[in-house]
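Protein chains in written order, with this note's numbering: chain E, 812 to 1131; chain Z, 28 to 392. Accompanying notes for the structure given below.
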Ligand SMILES: Nc1ncnc2c1ncn2[C@@H]1O[C@H](COP(=O)(O)OP(=O)(O)OP(=O)(O)O)[C@@H](O)[C@H]1O
Ligand SMILES: [Mg+2]
C-alpha cells in the first residue's frame, strides 16, 4: 500500500502545499505588485495593478533620459541677481539641475556584486582547503581547530561589531576607504567560512578516499587528485556553499553600515535601500522596484545552482 | 626491470600488528599470487607495495630503489582495487583512459589501446555509461581495464575477479594469463580462488595472520605443504587430517598399517619410541581411489571395508564421507563408482602422497 494515495488525500496534500507556498510568497507578490503600480493605485489593496507602470524600474536602471529639471521661479530670481558672483550662481544652479537625487542603483548593485561575489569566491577557496584538511588529513590540534572554527560561527555578529571596528581603527584600516573595504571583505569571509567548511567537510567525508588513491595510482599527485576527482564530485556542495556565502554577503547590512558609513561611493544595496526609505525619493514604487531588483540575483542564483545539483553523484564508484 | 623485495615488513594500526614481518623476493616478470583467509593482511601488503600505506618498519625495494619514501604516483604501478574505486563522474571510457590522458598520450594511440582493451574485457557496449549504471561484474572489468591499459612496471590486483560469474571469471583468468605472457610485467595478485592461484601463479604465497605460512610454486604448495594450515587452505575439498601413530616400520591409522618405507614423502629421521609417535596424517580427498577401477600397485595401500556415511554427487565426480580414526574423512571418487549410502567400499591410497605432521606444532615431519 506504500505510495498509494486516495483522491481526497491528494487534494488535501495539494491544498496544504498551495497554502504554504502562497503564504511565503505573499510578501514578494506585494513587493512586485506595488513596484508596478501608479501612484494613484498605491492605496488599492488589490495585488493586480490597474495599469502596469514600469517607470520605477526604468528609472532605477537608468533607462529614462535625464529630465530637464525646471528651476523654480524664486530661485531663478536669485540667479538673476547681478550682485551674486558667477561661481555662487553656478553652484546654486547645479544643486537644482543635477541628477544627484536620482538613485544610482547600478552603482550600488555593482558594489554589492563585488563584495559578495568576491568574498564568496575567497570563502569557497578557503573552505575547500580547510574542509579537505579537517576531513582527510591528520595533524596535531585538528580537533581544536575544527571546534574553534565552529565557535566563531556561534558568536553573533552584533557582539563582534564594536570590537572589530575598534580593532580596525587601531590598526588604521578603518580610516581609509580601501582599508574599510578590505575589513568588510575579511569579515564576510570569516563569517561564512565556518559553515562552508562544515558543509564541505562533511561532503568530502562522503567521498570514498579510495577514489583519490585510484587517481594517485593513475599518476596524479594529491593536489591533482583533489582537482580532478574530489572537486568535480563535490560540485553540488561547492555550488551550495558559494551561494550561501554569496547570499550572506548580498544581504548583509550590519557590518556594511558601520564600515562603509563614510563612503557612500561604496554603499551596497541593503545600505542603499535603507537610504531610499529616508531620502526624498521615498516613493513606494521605486522602493519596491529596488527591492525586487535586489532579490533578482538571488533567485537567478538558485535557478542556476539547481543545474549543478544534478551533477556529481558519487554512487557507483566503490563496492558496498 | 622491476623486481620487488620486501624486507621484514611490519605494519601496525595503532597497537595491533596486522602484518608481522614479511620477507619476500619477487623476480622481475614474475606472477605472484597472495592467498590467505580474510583479514590476514593481503590487501595491506599490496597497498604497502603500491605506496598507499606506509610500512611501520622494514624496506620495500622496487627495481633498484628503496621506495619507502616514494609517493605512489611516482612508483609506476597500476592497481586494481578490491572495491573498484571507479571515478563516478567519468564515463567508462574516460575512467579507462584517465591515466593516458594525463600523460598526454596522443589520441590515436589512446583509441587503439582502448579498443584492444575493451574488446578483451567485453566492454565495447558500455564505454559511454557511467559506473553507477553498471553491474558489479562490469565495474570490476572497467577497473581491470583502467589498470592494464597502462604500461606500468608492476601490476597489483586485489581480488579482481571476485564479482564475476564463473564463465566470465574463467574467461578473464585466461585473459590475464595471456596479458602476463605477452607483456611479462611483474604482477602481484590477491585472490581467494584456488583455481586462479594455481593456474596463474609462478609463485604462490600463503599468508596466515600476518605471516607467510609458505611460499613456492603451485605444485610445491599443493603436494608438499609445510604445515597443516597451508595443507588445508590450499586444495578443494581440503585435505583430510587424521590422527595416527608413527612406528619404526609402519604408520598406524585406526588399525590399518601403512608400510613406512613406501611413505616416500615422510622425511622424519629422528628415532621413535617403541610406543610410537602420535602424529596427524594428511591425505587429500583426491588421492583416494575406488579399488574397483584401479589395480593394487606397490605404492598403493588398501583401506578395506569402509562404511560410507554420505555421498555428494558433484557432477563430474562424487565425494563420499566415511569414518576413520574417529574423524570424518572425505574422498573424491570417479563418477563410475557404484556406491550407496551405508554400503561398504575399498579405497586405495597413493602412499607417496601421504603426509604427516607434528601433533602439537602442526609442522611437516
Ligand atoms: N585502516 C585500518 N585501521 C585498522 N585496522 C585495519 C585497517 N585496515 C585494515 N585493518 C585490519 O588489518 C587486517 C588485514 O586487513 P586486510 O585488508 O589486509 O585483509 P585482507 O587479507 O585483504 O582480507 P580480505 O580477504 O577480506 O580482503 C584486518 O584485520 C583489518 O581489520
Ligand atoms: Mg583485501
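From the three backbone atoms N, C-alpha and C, an ideal C-beta is built for every residue, glycine too. As the structure is a computational prediction, the values presented were derived from the model and not from experiment.
For residue 104 of chain Z, the chain E residues whose Cβ falls inside 7 Å of its Cβ are 1028, in order along the chain.
The nearest non-hydrogen atom of ligand 1 is 7 Å or more from the C-beta of residue 1130 of chain E. An exposed status is given to residue 138 of chain Z, since fewer than 16 other beta-carbon atoms sit within 10 Å of its beta-carbon.
With respect to chain Z, the C-beta atom of residue 1022 of chain E has a partner C-beta closer than 8 Å. Interface flag for residue 1032 of chain E against chain Z is set, since a Cβ pair is found closer than 8 Å. Here residue 816 of chain E carries a coil assignment [DSSP, helix/strand/coil]. Not one heavy atom of ligand 2 sits closer than 7 Å to the Cβ of residue 167 of chain Z. With a threshold of 16 other beta carbon atoms within 10 Å, residue 1088 of chain E falls short and is exposed. Remark: C-beta atoms of residue 174 of chain Z and residue 225 of chain Z do not approach each other more closely than 8 Å.
A distance of 8 Å or more separates the beta carbons of residue 357 of chain Z and residue 251 of chain Z. Here residue 109 of chain Z is buried. Its C-beta has 16 or more other C-beta atoms within 10 Å. Put simply, of Z/119, Z/130, Z/306 the residue whose alpha carbon is nearest the alpha carbon of residue 157 of chain Z is Z/119. Residue 72 of chain Z counts as buried, since no fewer than 16 other beta carbons sit within 10 angstroms of its beta carbon. In this structure, the beta-carbon distance from residue 59 of chain Z to residue 276 of chain Z does not fall below 8 Å. Within chain E, the residues 1029 have their CB atoms less than 7 Å from the CB of residue 125 of chain Z, given in chain order.
Within 7 Å of the CB of residue 99 of chain Z, the CB atoms of chain E belong to 1027, 1028, in sequence order along the chain. For residue 1035 of chain E, the enclosing alpha helix (DSSP H) begins and ends at 1033–1036. For the options Z/67, Z/57, Z/259, the alpha carbon positioned closest to that of residue 183 of chain Z is the one of Z/57. Residue 65 of chain Z has its Cβ nearer than 7 Å to a heavy atom of ligand 1. Taking residue 853 of chain E as the centre and dropping the five residues before and after it, the same chain places the C-beta of 1095 closer than 6 Å to its C-beta, in chain order. Between residue 867 of chain E and residue 846 of chain E, the C-beta gap is smaller than 8 Å, which places the two residues in contact. Residue burial is scored here from C-beta neighbours: residue 237 of chain Z has at least 16 other C-beta atoms within 10 angstroms and is therefore classed as buried. Using beta-carbon distances, residue 954 of chain E does not count as an interface residue toward chain Z, since no partner is under 8 Å. By the rule that beta-carbons nearer than 8 Å mark a contact, residue 115 of chain Z touches chain E.
Nearest to residue 95 of chain Z by C-alpha distance, out of Z/103, Z/210, Z/81, Z/220, is Z/81. In chain order, 147 place their CB closer than 6 Å to the CB of residue 202 of chain Z, counting only its own chain and leaving out the 5 sequence neighbours on each side.
Neighbourhood of residue 1043 of chain E in chain Z, by CB distance below 9 Å: 114, 116, 117, in chain order.
Membership of residue 38 of chain Z in the beta strand (DSSP E) is indicated by the continuous run 31–40. The continuous alpha helix (DSSP H) containing residue 1081 of chain E extends over residues 1080–1089. For residue 279 of chain Z, the pairing in a beta bridge is given by DSSP as Z/272, Z/284. DSSP, reduced to helix, strand and coil, places residue 318 of chain Z within a helical segment of the structure shown. In this structure, the CA atom of residue 817 of chain E is about 10 Å from the CA atom of residue 823 of chain E. With a threshold of 8 Å between beta carbons, residue 77 of chain Z makes contact with chain E. In the structure shown, the three-state DSSP call for residue 340 of chain Z is strand. Between ligand 2 and the CB of residue 69 of chain Z, the shortest heavy atom gap is smaller than 7 Å. With contacts defined as CB atoms closer than 8 Å, residue 1098 of chain E and residue 1058 of chain E fail to qualify as a contacting pair.
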